[in-house]
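In the numbering used here, the protein residues as written are 2 to 225.
Cβ coordinates follow ideal geometry from the N, Cα and C atoms, glycine included.
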Amino acid sequence: MKPPARTLPISGYQGEPVPNTFFQQGEATDHIAIVLPGVRYTCHMPLLYYPTRLLLSMGADVLWVEYTYDQRPGFRALSEAERERGFITDVTAACHAALAQRPYRQVTLVGKSLGTLAMGHLLTADPQLAGAQAIWLTPLLRNERLRAQIRQSKARSLFVIGSADGHYDPASLAEVRAATGGETLVIDGADHSLEIEGDLWQSLRALEQVLRAIQAFLTGRAPV
Numbered sequence: 002m003k004p005p006a007r008t009l010p011i012s013g014y015q016g017e018p019v020p021n022t023f024f025q026q027g028e029a030t031d032h033i034a035i036v037l038p039g040v041r042y043t044c045h046m047p048l049l050y051y052p053t054r055l056l057l058s059m060g061a062d063v064l065w066v067e068y069t070y071d072q073r074p075g076f077r078a079l080s081e082a083e084r085e086r087g088f089i090t091d092v093t094a095a096c097h098a099a100l101a102q103r104p105y106r107q108v109t110l111v112g113k114s115l116g117t118l119a120m121g122h123l124l125t126a127d128p129q130l131a132g133a134q135a136i137w138l139t140p141l142l143r144n145e146r147l148r149a150q151i152r153q154s155k156a157r158s159l160f161v162i163g164s165a166d167g168h169y170d171p172a173s174l175a176e177v178r179a180a181t182g183g184e185t186l187v188i189d190g191a192d193h194s195l196e197i198e199g200d201l202w203q204s205l206r207a208l209e210q211v212l213r214a215i216q217a218f219l220t221g222r223a224p225v
């Protein structure tokens, strides 16, 4: 059973509230996971929802950061640089609010697509998150700045991507794996949602692979 959910009061870019959902364990825990979704791939979707369930079952508190930029009047009219500044401001504020809930000793960042860009910034620019471990789901590996941030951070990492994802690049994946000593899972034929188009059962098996890889990463044991 999931812990009860609530919303943390978080003030972000231009004083706007940052939408979020916080799941707090009833008993003390020293582990917090912060989930950073994609633009249109929300925390309620399988690749983030089920890892959340796994993290909760392992005793972690979990914060979902949620984006509503398409509902903010004028946000799309901002320059690309200003939109990026707003995004990073919101995500940073959300992380700090989560970290203030308890004296956590273990921090896990879980990012999907756009969320991995936020992770790159947080791991290299925010001292509070410098020691976090990172789960990169469909990372934007063709982004040179992100790869540079991953190399700089050297965060303990798990990289998960599909071979049919347009952002998949074997050389880039090998580069970040070597830089971090991280673990990788490449799902054959999976797209940017880590689904195998036209094959429901293979898609479900792929999701199971992802969950087992995350569990193994978090526990330090080989996947079963």
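Contact under 8 Å by Cβ, residue i with residue j
{"i": "residue 162", "j": "residue 187", "result": "yes"}
{"i": "residue 87", "j": "residue 42", "result": "no"}
{"i": "residue 165", "j": "residue 190", "result": "yes"}
{"i": "residue 38", "j": "residue 70", "result": "no"}
{"i": "residue 36", "j": "residue 53", "result": "yes"}
{"i": "residue 94", "j": "residue 12", "result": "yes"}
{"i": "residue 130", "j": "residue 123", "result": "yes"}
{"i": "residue 108", "j": "residue 215", "result": "no"}
{"i": "residue 25", "j": "residue 72", "result": "no"}
{"i": "residue 40", "j": "residue 115", "result": "yes"}
{"i": "residue 47", "j": "residue 208", "result": "yes"}
Assigned secondary structure, residue i (DSSP; H/G/I helix, E/B strand, else coil)
{"i": "residue 32", "result": "strand"}
{"i": "residue 121", "result": "helix"}
{"i": "residue 213", "result": "helix"}
{"i": "residue 220", "result": "helix"}
{"i": "residue 103", "result": "coil"}
{"i": "residue 18", "result": "strand"}
{"i": "residue 208", "result": "helix"}
{"i": "residue 112", "result": "strand"}
Option in the options with minimal Cα separation from residue i
{"i": "residue 177", "options": "5, 80, 140 and 199", "result": "140"}
{"i": "residue 136", "options": "29, 185, 4 and 149", "result": "185"}
{"i": "residue 10", "options": "3, 4 and 23", "result": "23"}
{"i": "residue 297", "options": "106, 99 and 143", "result": "This structure does not reach residue 297, given that the chain is present from 2 up to 225, and the question cannot be answered."}
{"i": "residue 92", "options": "79, 110, 194 and 102", "result": "110"}
{"i": "residue 172", "options": "148, 31 and 6", "result": "148"}
{"i": "residue 51", "options": "218, 217, 220 and 212", "result": "212"}
{"i": "residue 217", "options": "170, 198, 158 and 192", "result": "158"}
{"i": "residue 119", "options": "85, 208 and 4", "result": "85"}
{"i": "residue 146", "options": "46, 125, 199 and 209", "result": "125"}
{"i": "residue 105", "options": "167, 114 and 133", "result": "133"}
{"i": "residue 21", "options": "207, 168 and 97", "result": "97"}
{"i": "residue 4", "options": "45, 56 and 31", "result": "56"}
{"i": "residue 193", "options": "27, 90 and 170", "result": "170"}
Counted within 10 angstroms of its Cβ, other Cβ atoms place residue i as buried (16 or more) or exposed
{"i": "residue 156", "result": "buried"}
{"i": "residue 58", "result": "exposed"}
{"i": "residue 61", "result": "buried"}
{"i": "residue 154", "result": "buried"}
{"i": "residue 228", "result": "Here the chain covers residues 2 to 225 and nothing more, so residue 228 does not appear."}
{"i": "residue 112", "result": "buried"}
{"i": "residue 8", "result": "exposed"}
{"i": "residue 19", "result": "buried"}
{"i": "residue 181", "result": "buried"}
{"i": "residue 45", "result": "exposed"}
(message) Runs of 4 residues minimum, wholly inside the stretch 132-204: which ones carry the alpha helix (DSSP H) assignment?
(response) 145-154 and 171-181
(message) Suppose only complete runs of 4+ residues qualify. What are the alpha helix (DSSP H) ranges in the stretch 21-92, listed by chain order?
(response) 47-58
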